[in-house]
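In this note's numbering, the protein residues as written are 3 to 306.
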């Protein structure tokens, strides 16, 4: 790395010249490589901050007994502030890893800014989101009545088609509506963790663990985070609109939903398969009985 002087390298090697084992040497070289990668990214993405850190004489590499250097911590803070959120309170304790490893340097953690319905408390959600969960048949009438959220009979009298719906068809018809209703499909995608952004799709049971500290992954995650913010803002706007006048607006939402359900092509049933052992194929077998239909077979020429 160009910014690392000969004196810095000699000092670093001097502090780690005695290794108890080959494994210890490998760990040191791995930590050195990851530090070099992080500093290269720091210099490339945040050149001004990097130069200031250099001018202040901050350490580039973690000293003995610490997980991260001051420069590495500053780099993580820059990423968290300017590109996408990092769970620094969880992964950092000053310049140390509370778990005793450089886990934050190994991969980029992607934390959800959306929903995780397996662990979220439904009663804490705003009414607009609860109505969508009712539409999706996740919540029922009893839940809404029990928690005193909405008790008007008119809402529960609205007929809802409970069947598969084409995502493409729903998206097209929503976008054709204009206004808040155009974002109806985005709210459903958020609840299903089925958006175009990692930050809205990850859950405790389905984490995203493929992001590494590379330029390409930093740029990709930054793009996904901005997209997640846009989707979430539009979905929240729709749910706020729905909550303002729940009965008439939910009725309009259901009409749109029902039309898409009715116009969704049913999934074709897969052909019925029959497993037949090789011993069943003997001369004189009634194939029609076996497969439930008449099958014309070619003439069989017996070989003597």
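Just so you know, even glycine gets a beta-carbon here, dropped at the ideal spot from N, CA and C.
By the criterion of a C-beta distance shorter than 8 Å, residue 99 is surrounded in its chain by 69, 70, 93, 105 and 106, once the five residues flanking it on both sides are discounted. The bridge partners DSSP lists for residue 95 are 98.
Residue 260 has its alpha-carbon roughly 5 Å from the corresponding atom of residue 163. Excluding the 5 residues flanking it on each side, residue 76 has same chain C-beta neighbours closer than 8 Å at 44, 51, 55 and 60, in chain order.
Counting along the chain, the unbroken alpha helix (DSSP H) around residue 73 starts and ends at 72-84. Fewer than three Cβ pairs drawn from the region 157-175 and the region 117-126 lie within less than 8 Å of each other, which leaves the two stretches out of contact.
In the three-state DSSP reduction, residue 62 falls in the coil class, being neither helix nor strand. Beta-carbon to beta-carbon, residue 109 and residue 189 are separated by about 30 Å, too far to satisfy the 8 Å threshold.
In the three-state DSSP reduction, residue 196 falls in the coil class, being neither helix nor strand. The beta carbons of residue 167 and residue 263 sit about 5 Å from each other, so the pair counts as a contact at 8 Å.
Cβ-Cβ separation between residue 194 and residue 230: approximately 15 Å, too far for a contact (criterion under 8 Å).
Within a 10 Å sphere around the beta-carbon of residue 208 sit fewer than 16 other beta-carbons, which makes this residue exposed.
Per DSSP, the continuous alpha helix (DSSP H) segment holding residue 217 begins and ends at 217-246.
By the C-beta density criterion, residue 233 is buried, having at least 16 other C-beta atoms within 10 angstroms. Counted as a single uninterrupted DSSP element, the stretch harbouring residue 266 is not any alpha helix (DSSP H), since DSSP gives it neither H nor E. For residue 127, the secondary structure class from DSSP, reduced to helix, strand or coil, is coil.
The shortest C-alpha to C-alpha distance from residue 242 to any of 175, 156 and 132 is the one to 132. Distance between residue 258 and residue 218, taken at the CA atoms: about 40 Å.
Taking each of 85, 249, 97 and 145 in turn and checking the Cα distance to residue 155, the smallest one comes out for 249.
Spanning the alpha carbons of residue 111 and residue 210 requires a straight line of approximately 8 Å.
When secondary structure is reduced to three states using DSSP, residue 41 falls in the helix class. Excluding its 5 nearest sequence neighbours in each direction, residue 149 has C-beta neighbours in its own chain below 8 Å: 125, listed in chain order.
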